[in-house]
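Colleague:
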Amino acid sequence: MKYILILLTLCLALKANAQYPYDAKRDNVWINGYQTILPPYNFYNTLRFDNRADPQIDSIWSNSYVGGFREQSPAICDTTGNLLLFTNGREIRNQYFEVIADSLNGGYWANSQVFGNPIPQGTMILPFPNHPNQYYFIHSRICDTPFGIYLYIDDILTSIVDISLNNGRGQCILKNNLFLHHQFMDAGKISACRHANGRDWWIIIPEANTNGFAIMLLSPNGLEFINWQAIGDTTLTDIGQSCFSPDGTKYIHCSTVGGIFKSFLNILEFDRCAGTLSNPQQSIISDQNRVGELFYAGCAASSDSRYLYVGATGYILQYDLNATNIFTTIDTVAYWNHRVSIGNYQYFLQMQLAPNGKIYCTPSVDTTMSVIHNPNEQGIACNTAPYSIRLYAMNNAIPNYPNFRLGPVDGTVCDSLGIDNIVVATTPQKTMEDFLH
Numbered sequence: 020m021k022y023i024l025i026l027l028t029l030c031l032a033l034k035a036n037a038q039y040p041y042d043a044k045r046d047n048v049w050i051n052g053y054q055t056i057l058p059p060y061n062f063y064n065t066l067r068f069d070n071r072a073d074p075q076i077d078s079i080w081s082n083s084y085v086g087g088f089r090e091q092s093p094a095i096c097d098t099t100g101n102l103l104l105f106t107n108g109r110e111i112r113n114q115y116f117e118v119i120a121d122s123l124n125g126g127y128w129a130n131s132q133v134f135g136n137p138i139p140q141g142t143m144i145l146p147f148p149n150h151p152n153q154y155y156f157i158h159s160r161i162c163d164t165p166f167g168i169y170l171y172i173d174d175i176l177t178s179i180v181d182i183s184l185n186n187g188r189g190q191c192i193l194k195n196n197l198f199l200h201h202q203f204m205d206a207g208k209i210s211a212c213r214h215a216n217g218r219d220w221w222i223i224i225p226e227a228n229t230n231g232f233a234i235m236l237l238s239p240n241g242l243e244f245i246n247w248q249a250i251g252d253t254t255l256t257d258i259g260q261s262c263f264s265p266d267g268t269k270y271i272h273c274s275t276v277g278g279i280f281k282s283f284l285n286i287l288e289f290d291r292c293a294g295t296l297s298n299p300q301q302s303i304i305s306d307q308n309r310v311g312e313l314f315y316a317g318c319a320a321s322s323d324s325r326y327l328y329v330g331a332t333g334y335i336l337q338y339d340l341n342a343t344n345i346f347t348t349i350d351t352v353a354y355w356n357h358r359v360s361i362g363n364y365q366y367f368l369q370m371q372l373a374p375n376g377k378i379y380c381t382p383s384v385d386t387t388m389s390v391i392h393n394p395n396e397q398g399i400a401c402n403t404a405p406y407s408i409r410l411y412a413m414n415n416a417i418p419n420y421p422n423f424r425l426g427p428v429d430g431t432v433c434d435s436l437g438i439d440n441i442v443v444a445t446t447p448q449k450t451m452e453d454f455l456h
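Sequential numbering of the sequence shown, starting at 20, is according to our numbering.
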């Protein structure tokens with residue numbers, strides 16, 4: 020009886036320290052907005068999902084100079100879906116817009132007074148496993164050049180915020196800790212996937228102009244470097260995005276090199292238990308004739324992990340991830356309509372799967388976003404609505420969220436923490452407020 024009680028106590032402790040499914044609302048609030056040269060300077064957008072069919076979109080005013088969200092706008096919510104922390108890659112701020120840490124990353128862009136850090140997917144914020152109230156920032160430093168031109172990142176840094184300190188307003192207890200120095204990492208593209216144990220996180224960052232990937236693990240022990248894995252064909256580096264399918268079985272990485280008008284799309288299998296990639300497939304397109312209308316610039320997968328969507332500048336493309344030869348299933352589900360805003364052609368760029376099961380796509384610079392209403396459907400039935408989401412402030416950023424609703428892989432050797440795999444819906448029920456509107 021004594022040993023049974025000890026075993027039960029251990030099981031309860033493991034469950035109490037587990038992250039899943041309590042993380043299900045961590046991506047409930049999106050914050051973005053692009054600072055202009057005219058007043059109002061501190062004017063930004065929030066998209067709050069709250070189990071809605073469509074997000075509630077509001078504007079935010081800040082009493083202090085934030086500098087806008089240029090290319091990246093990572094944030095994280097508490098377990099009830101309220102905004103806790105966010106960053107523009109230059110500063111970390113709390114839900115009151117108070118600065119928790121400044122001069123983030125260091126280097127040329129650390130104290131930019133115009134924009135935040137302009138690396139897409141340059142930062143990932145994750146709950147620190149088994150460390151309640153602590154949040155792990157994995158971020159990147161741009162290689163400095165005389166004119167601030169960037170193509171690569173040379174350092175991966177970590178910072179930690181304890182939101183319970185400073186009377187609940189948060190305090191940075193570790194800042195700009197050098198985790199990995201490697202001069203030729205890709206320009207951002209930091210992505211994360213839940214470990215098969217339902218608690219820890221795998222983080223993958225591509226290496227520039229190679230077929231290499233840095234694979235890291237965030238566990239209760241902190242961030243650990245696990246492996247450099249070389250697999251598949253070489254991918255040249257420039258703008259682009261990486262993501263995991265929501266079920267964590269596939270890793271997608273796209274990159275566009277404008278100078279030679281080529282784009283690379285890589286799809287690989289991912290083992291959530293071992294943290295390894297396999298079975299690489301690559302597509303390369305050349306766009307010398309259309310000059311910029313067909314570049315792989317962003318990617319996201321449907322909530323059922325069946326369909327991959329690629330923001331290909333002038334088009335949104337759909338692929339069937341269940342097919343043996345994925346690239347033969349290509350279908351165009353949206354076309355660029357030559358929309359122009361303040362001198363910029365509004366292409367389809369980076370993407371993010373939202374808590375409501377829809378996929379949102381950022382433009383170049385505009386007060387709109389595009390949305391795929393039914394991404395689990397094939398072809399035009401996915402119901403893509405270009406430029407249909409109206410914002411208050413200019414924007415060209417999308418948040419960098421993992422799938423917080425992904426649980427353990429039942430029955431594997433890694434399912435060892437006693438965490439129950441609870442299905443968390445990604446298609447919300449309508450609230451009373453939705454009916455009233």
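Backbone N, C-alpha and C define an ideal beta-carbon position, used for all residues, glycine too.
Could you work out which residue in 288, 302, 272 is closest to residue 296 when comparing CA atoms only?
Modeller: For the purposes of this step, residue 296 is taken as the residue at position 277 of the sequence shown. Of the candidates 288, 302, 272, the one whose C-alpha sits nearest the C-alpha of residue 296 is 288.
Colleague: For residue 272, count neighbouring Cβ atoms within 10 angstroms of its own Cβ and tell me buried if that reaches 16, exposed if not.
Modeller: Working through the sequence shown from its first residue, we reach residue 272 at position 253. It counts as buried.
Colleague: Taking DSSP as the reference, what is the three-state secondary structure of residue 156?
Modeller: Stepping through the sequence shown from its first residue, residue 156 is reached at position 137. If DSSP states are grouped into helix, strand and coil, residue 156 belongs with the strands.
Colleague: Thinking C-alpha only, which one of 221, 73, 256, 255 is nearest residue 244?
Modeller: For the purposes of this step, residue 244 is taken as the residue at position 225 of the sequence shown. Of the candidates 221, 73, 256, 255, the one whose C-alpha sits nearest the C-alpha of residue 244 is 221.
Colleague: Below 6 angstroms CB to CB, which residues in the same chain sit around residue 348 once its five sequence neighbours on both sides are set aside?
Modeller: As a first step, residue 348 must be located in the sequence shown, where it is residue number 329. Excluding residues within five positions, the ones whose Cβ falls inside 6 angstroms are 338, 339, 342.
Colleague: With distance defined between alpha-carbon atoms, name the residue in 422, 233, 439 nearest to residue 430.
Modeller: Taking the sequence shown and counting its residues from 1, the one referred to as residue 430 is at position 411. Considering only alpha carbons, the answer is 439.
Colleague: Where does residue 52 land, buried or exposed, given buried means 16+ other C-beta within 10 angstroms?
Modeller: Reading the sequence shown from its first residue, position 33 is the one you call residue 52. So residue 52 counts as buried.
Colleague: Closer than 6 angstroms by C-beta to residue 255: which residues in its own chain qualify, once you throw out the five before and the five after it? Chain order, please.
Modeller: Mapped onto the sequence shown, residue 255 falls at position 236. 228, 276, listed in sequence order.
Colleague: Ordered along the chain, which non-local residues of its own chain (more than five positions away) have a Cβ less than 7 angstroms from that of residue 313?
Modeller: Here residue 313 is taken as the residue at index 294 of the sequence shown, counted from 1. Cβ within range, chain order: 304, 306, 331, 332, 333, 334.
Colleague: Check whether the Cβ atoms of residue 411 and residue 178 lie closer than 7 angstroms to each other.
Modeller: Against the sequence shown, residue 411 aligns to sequence position 392. Against the sequence shown, residue 178 aligns to sequence position 159. No; because the gap between Cβ atoms is not below 7 angstroms, this pair is not in contact.
Colleague: Tell me the DSSP secondary structure of residue 233 in three-state form.
Modeller: Counted from its first residue, the sequence shown places residue 233 at position 214. If DSSP states are grouped into helix, strand and coil, residue 233 belongs with the strands.
Colleague: If we ignore side chains and look at the alpha-carbon of each, how far apart do residue 323 and residue 194 end up?
Modeller: Counted from its first residue, the sequence shown places residue 323 at position 304. Counted from its first residue, the sequence shown places residue 194 at position 175. Distance between the alpha carbons of residue 323 and residue 194 is about 37 angstroms.
Colleague: Please classify residue 197 as buried or exposed, where buried requires at least 16 other C-beta atoms within 10 Å of its C-beta.
Modeller: Position 178 of the sequence shown, counted from the start, is the residue given in the question as residue 197. Label assigned to residue 197: exposed.
Colleague: Using a 10 Å radius around the Cβ and a threshold of 16 neighbouring Cβ atoms, would you call residue 112 buried or exposed?
Modeller: As a position in the sequence shown, residue 112 is number 93, starting the count at 1. So residue 112 ends up on the buried side.
Colleague: In the region 236-321, which residue ranges form an unbroken beta strand (DSSP E) of at least 3 residues, counting only runs that do not cross its ends?
Modeller: You should have 241-254, 258-263, 269-276, 281-290, 295-305, 313-320.
Colleague: Can you tell me which of 395, 386, 426, 125 puts its alpha carbon nearest to the alpha carbon of residue 408?
Modeller: Translated into the one-based positions of the sequence shown, residue 408 becomes position 389. Measuring from the Cα of residue 408, the nearest candidate turns out to be 386.
Colleague: Check each candidate in 175, 368, 142, 180 and name the one with the smallest Cα separation from residue 151.
Modeller: Against the sequence shown, residue 151 aligns to sequence position 132. The option with the nearest alpha carbon to residue 151 is 180.
Colleague: What is the rounded straight-line gap between the Cα of residue 38 and the Cα of residue 107?
Modeller: As a first step, residue 38 is located in the sequence shown; it is residue number 19 there, counting from the start. As a first step, residue 107 is located in the sequence shown; it is residue number 88 there, counting from the start. Straight-line Cα distance between these residues: approximately 25 angstroms.
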